[in-house]
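Asks: Chains as they are written, first to last, in my numbering: chain A, 1094 to 1266; chain B, 73 to 470. We treat Cβ as the ideally placed atom computed from N, Cα and C, and that holds for glycine.
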Amino acid sequence: MTAQQIIFMIVAAYTIGSGLMVVTTRNLVHAALWLVSTLFGVAVAYALLNANFIAVVQVVVYIGAIAILFIFAVMLTRKDMRDSGPQMNKNWWAGALVAVLVFAGLAFLLSGWSGFRNIAAELPAEFDAIGLLGEALTSPEAFVLPFEVASVLLLAALVGAVYVAFNPRSDKK
Amino acid sequence: MSFWNDPLKVAADWLEGLLTGWGLDAVFAHVLVAFLGVFLLIALLMVLDIFLVWIERKVVARFQDRVGPNRVGPFGLIQPFADIIKLIIKEDTTPGGADKVVYNLAPILSMMSVLILWAVVPLAPVMLGVDLNVGVLFLIAAGAIGTLSIIMAGWSSNNKFAMIGAFRQVAVMVSFEIPMLTMLMIPTIYAGSMSMNTIIQAQDPIPFFILSPLGALIFLIAAIAELGRAPFDLAEGESELVSGFNIEYSGMKFGMFYAGELLHAFTFGGFWMILFFGGYRFFGLEQVSPFLAILILIIKAMIGYWVIMWVKYTMMRIRIDQMLGFNWKFLTPLAFALLLVTALMNALLAGAPTWLYVLGMLLANVVTGWVALEIARSVTRKERMQVEGVKNPVEAHH
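Rendered as structure tokens:
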């Protein structure tokens, strides 16, 4: 095993362990903090794939914004931080089965792929991943339309959230 | 390559040669030397941090027409060491009902979020931790960890004042992150890269504060808010919240928050200088020796830190609704408008000679700032008229 594979194994185990803690811990704030740890593990995995930009965006968006929002929502809506109900419902075996089947199916599909056992080649020093990404997102031949559609969708969601939260009576004193 | 031109590489190569000579694996020796470099940088920063306490106290004393620490050692220089000894031998208390793991993790994360920033700081043309091609975004990512540490500290202390202080501080940090991120895009547009070293190199004849004075100002405001310093020090309030999110911390754990805040201010002073004032550049002096470049960067960062202190000790604090209103209704739209104008001007003036480019950018900044101020003035005048009209309907006619 190369050093990179060992690091990947450690990161993957850490991410999966944190993910398990998210769903098994009874304290909701702890669950949110474990989620942060899981997302951080995913960011490290991106960094290992030489996707610096995606790794940093993962930290900025998921840890800096979404996880903080989760923590706020939990703290502002729950009086008791402990979850006392049962943690599994009676369909837990079906969920487990689906998860195992998806993992097995993906593993089977990927094992047939030629690059499955190869180690990723080193990127040349002048390879400008972030420049290529920026051009792909703004060039008409590539992804400008999906990118803009996603922006409009997010804007609509933002306006909708403001509309739902806005109470017109509170404006008039 | 001599020691004076690239000291870090020469020292690292010598050490790696020594370690492999002792029979160590080459990869292992490389990793070990890299760790040693990180350790050295952090150790130097922590020593600098000790003196920042002294500097902060001396400067605030000057602003308030006092002398400051002057009893222990020459000019009170040994005072911070006395403070550290005091902090270390203080009782380490944990409030009842505190969430112990989260409570103890928060100060470490707070300090870490500052130290990690120095990974991308170019100390000299050849001396830098790592030249990330997303260096600018790294700043915001590290800030996210700082935000997290504050909410962890506030929640785990099991104290409602700490919680309210943390909520306020996080509200400020999350909202001022937006103008800050937008202003980070301005040096990116000028330099055509997000790497810190390229941004510094791109300020070759003209530093970016001449191209975009408004951008530099908005970045400074957002940075001060991000630091939670006056006039944005809402987490702290002696009469209502005491010291905010760190109220329950004692001894060195409190010291970690305090030292982290000082180093954070110094670091943001440094980033302000890197992004808008040319970093380690100073009329070609940085080419003479890397040691001189480091000295220039530290002096510049100190000037940036001094400006942040100047604002802190001469401005009154702003109420939270005014501050959030200022951010969401004024600073964020202005930052977006400035980014749009800058991007547009950059495309329009792409082929123009340097003097025209600089003049165009400068004018675009001045016009954007002036229009924003005029709009803000007319809106606030209308608001004031309304408020005064409600209070005194007769006077509003005059």
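Where DSSP assigns a beta bridge to M199/B, which residues make up the other side?
Replies: For this step, residue 199/B is matched to residue 127 along the second sequence. A196/B, per the DSSP bridge assignment.
Asks: Just how far apart, CA to CA, sit G237/B and G89/B?
Replies: Here residue 237/B is taken as the residue at index 165 of the second sequence, counted from 1. Here residue 89/B is taken as the residue at index 17 of the second sequence, counted from 1. The straight-line gap from Cα to Cα measures roughly 52 angstroms.
Asks: Classify R1171/A as helix, strand or coil using the three-state DSSP reduction.
Replies: Counting from 1 along the first sequence, the entry for residue 1171/A is found at position 78. Residue state, collapsed to three classes: coil.
Asks: Quick one: what does DSSP say V360/B is sitting in, helix, strand or coil?
Replies: In the second sequence, residue 360/B corresponds to position 288, counting from 1. Coil at V360/B, not helix or strand.
Asks: Anything in chain B within Cβ reach of G1134/A, meaning under 7 angstroms, just list it in chain order.
Replies: Position 41 of the first sequence, counting from 1, holds the residue named residue 1134/A. Result: empty, since nearest Cβ-Cβ is about 14 angstroms, beyond 7 angstroms.
Asks: Only counting the same chain, and skipping five residues up and downstream in sequence, which positions put a Cβ closer than 8 angstroms to that of F402/B?
Replies: As a working mapping, residue 402/B is identified with position 330 in the second sequence. Once the five neighbours on either side are set aside, the close Cβ partners of F402/B are A444, A448.
Asks: Going by the C-beta, is I1223/A closer than 8 angstroms to any heavy atom of the ligand PLP?
Replies: Among the components modelled here there is no ligand, and therefore nothing to report on the ligand PLP.
Asks: Measuring CB to CB, does I207/B end up less than 9 angstroms from N142/B?
Replies: Here residue 207/B is taken as the residue at index 135 of the second sequence, counted from 1. Here residue 142/B is taken as the residue at index 70 of the second sequence, counted from 1. First, the residue type needs correcting, since residue 207/B is Gly and not Ile in the sequence shown. No, they are not a contact pair.
Asks: In this structure, how does DSSP classify N1120/A when only helix, strand and coil are distinguished?
Replies: Position 27 of the first sequence, counted from the first residue, corresponds to residue 1120/A. In this structure, N1120/A counts as strand in the three-state DSSP scheme.
Asks: Anything in chain C within Cβ reach of T219/B, meaning under 9 angstroms, just list it in chain order.
Replies: Of the protein chains in the structure, A and B, none is chain C.
Asks: Using a cut-off of 9 angstroms between C-beta atoms, extract the partners of M395/B located in chain A.
Replies: For the purposes of this step, residue 395/B is taken as the residue at position 323 of the second sequence. Per Cβ cutoff of 9 angstroms: no residues; M395/B is ~18 angstroms from chain A at best.
Asks: Is DSSP giving G1178/A helix, strand or coil here?
Replies: Your numbering for residue 1178/A matches position 85 in the first sequence. G1178/A: coil per DSSP, three-state reduction.
Asks: How many Å lie between A98/B and E1219/A at the Cα?
Replies: Indexing the second sequence from 1 puts residue 98/B at position 26. Indexing the first sequence from 1 puts residue 1219/A at position 126. Looking at the two C-alpha atoms, the distance is approximately 25 angstroms.
Asks: Which residue marks the beginning of the alpha helix (DSSP H) containing R129/B, and which one marks its end?
Replies: Here the question's residue 129/B lines up with position 57 in the second sequence. First-last of the alpha helix (DSSP H) with R129/B: 98–135.
Asks: Are the CB atoms of V246/B and A1158/A within a distance shorter than 9 angstroms?
Replies: Position 65 of the first sequence, counted from the start, is the residue given in the question as residue 1158/A. Position 174 of the second sequence, counted from the start, is the residue given in the question as residue 246/B. It is a contact, given that the beta carbons lie within the stated cut-off.
Asks: Sort out for me which residues DSSP pairs V314/B with in a bridge.
Replies: Taking the first residue of the second sequence as position 1, residue 314/B is located at position 242. According to DSSP, which records beta bridges pairwise, V314/B is partnered with G309/B.
Asks: Hey, out of G169/B, T260/B, P179/B, I258/B, whose CA is closest to N231/B's CA?
Replies: Taking the first residue of the second sequence as position 1, residue 231/B is located at position 159. Measuring from the Cα of N231/B, the nearest candidate turns out to be G169/B.
Asks: Cβ of L195/B within 9 angstroms of Cβ of A365/B?
Replies: Position 123 of the second sequence holds residue 195/B. Position 293 of the second sequence holds residue 365/B. Closer than 9 angstroms, so yes.
Asks: To the nearest angstrom, report how far apart A1124/A and K372/B are at their CA atoms.
Replies: The residue you call residue 1124/A lines up with position 31 of the first sequence. The residue you call residue 372/B lines up with position 300 of the second sequence. Approximately 43 angstroms between the Cα atoms of the pair.
Asks: Under 9 angstroms between C-beta atoms, does N1145/A make it to chain B?
Replies: Taking the first sequence and counting its residues from 1, the one referred to as residue 1145/A is at position 52. Yes, N1145/A counts as interfacial toward chain B.
Asks: Rounded to whole angstroms, what's the CA-CA distance from H336/B to A1197/A? Just pull it up for me.
Replies: Stepping through the second sequence from its first residue, residue 336/B is reached at position 264. Stepping through the first sequence from its first residue, residue 1197/A is reached at position 104. In a straight line, the C-alpha of H336/B is about 48 angstroms away from that of A1197/A.
Asks: Using 8 angstroms for Cβ pairs, my map puts N1145/A next to L200/B. What's the rounded Cβ distance?
Replies: Your numbering for residue 1145/A matches position 52 in the first sequence. Your numbering for residue 200/B matches position 128 in the second sequence. Rounded, the Cβ-Cβ distance is 15 angstroms, inconsistent with contact.
Asks: Are the C-beta atoms of P1261/A and some chain B residue less than 9 angstroms apart?
Replies: In the first sequence, counting from the first residue as 1, residue 1261/A sits at position 168. For P1261/A, the answer is no, since every Cβ of chain B falls outside 9 angstroms of its Cβ.
Asks: What are the residues of the region 186–212 of chain B that lie near chain A, defined by any Cβ-Cβ distance shorter than 7 angstroms?
Replies: Here the close residues are L204, N205, V206, L209, F210, I212.
Asks: Using a Cβ-Cβ cut-off of 9 angstroms, state whether L1126/A counts as contacting chain B.
Replies: Residue mapping note: residue 1126/A aligns to position 33 of the first sequence, counting from 1. Interface residue, yes.
Asks: Considering only the beta carbon of each residue, do G287/B and M266/B sit closer than 9 angstroms?
Replies: On the second sequence, residue 287/B is found 215 positions in, with the first residue counted as 1. On the second sequence, residue 266/B is found 194 positions in, with the first residue counted as 1. Result no, Cβ atoms of G287/B and M266/B do not sit closer than 9 angstroms.
Asks: Between F398/B and the rest of its own chain, which residues show a CB-CB distance below 8 angstroms, the 5 nearest in sequence each way excluded?
Replies: Along the second sequence, read from residue 1 onward, the residue named residue 398/B stands at position 326. Cβ within range, chain order: I390.
Asks: Would the region 319–334 of chain B count as touching the region 214–229 of chain B if we require 3 or more Cβ pairs under 8 angstroms?
Replies: Segments in contact, yes.
Asks: Would you identify the three-state DSSP class for M266/B, choosing helix, strand or coil?
Replies: Sequence index remark: in the second sequence, residue 266/B carries index 194 (1-based). Three-state DSSP puts M266/B in coil, outside helix and strand.
Asks: Answer yes or no: do A1136/A and Y1155/A have a C-beta to C-beta separation smaller than 9 angstroms?
Replies: Here residue 1136/A is taken as the residue at index 43 of the first sequence, counted from 1. Here residue 1155/A is taken as the residue at index 62 of the first sequence, counted from 1. Result yes, Cβ atoms of A1136/A and Y1155/A sit closer than 9 angstroms.
Asks: Kindly indicate which residue of M457/B, I150/B, V198/B has the alpha-carbon position closest to the one of V82/B.
Replies: For the purposes of this step, residue 82/B is taken as the residue at position 10 of the second sequence. With distances taken between Cα atoms, V82/B lies closest to V198/B.
Asks: With distances taken from CA atoms, which of Q1097/A, K1183/A, W1186/A, I1212/A is nearest A1138/A?
Replies: Reading the first sequence from its first residue, position 45 is the one you call residue 1138/A. That would be Q1097/A, whose Cα lies nearest to the Cα of A1138/A.
Asks: Who are the neighbours of M1168/A on chain B, taking C-beta pairs under 9 angstroms?
Replies: Stepping through the first sequence from its first residue, residue 1168/A is reached at position 75. The answer, in chain order, is I223, W227, M235, F239.
Asks: If we ignore side chains and look at the alpha-carbon of each, how far apart do V1153/A and E333/B end up?
Replies: Here residue 1153/A corresponds to residue number 60 of the first sequence, with the count starting at 1. Here residue 333/B corresponds to residue number 261 of the second sequence, with the count starting at 1. About 21 angstroms.
Asks: Confirm, please, whether the CB-CB distance from G350/B to F304/B is below 9 angstroms.
Replies: Stepping through the second sequence from its first residue, residue 304/B is reached at position 232. Stepping through the second sequence from its first residue, residue 350/B is reached at position 278. The answer is no: Cβ separation not under 9 angstroms.
Asks: Does the count of Cβ pairs from the region 290–310 of chain B and the region 380–387 of chain B closer than 8 angstroms reach three?
Replies: Yes, they touch.
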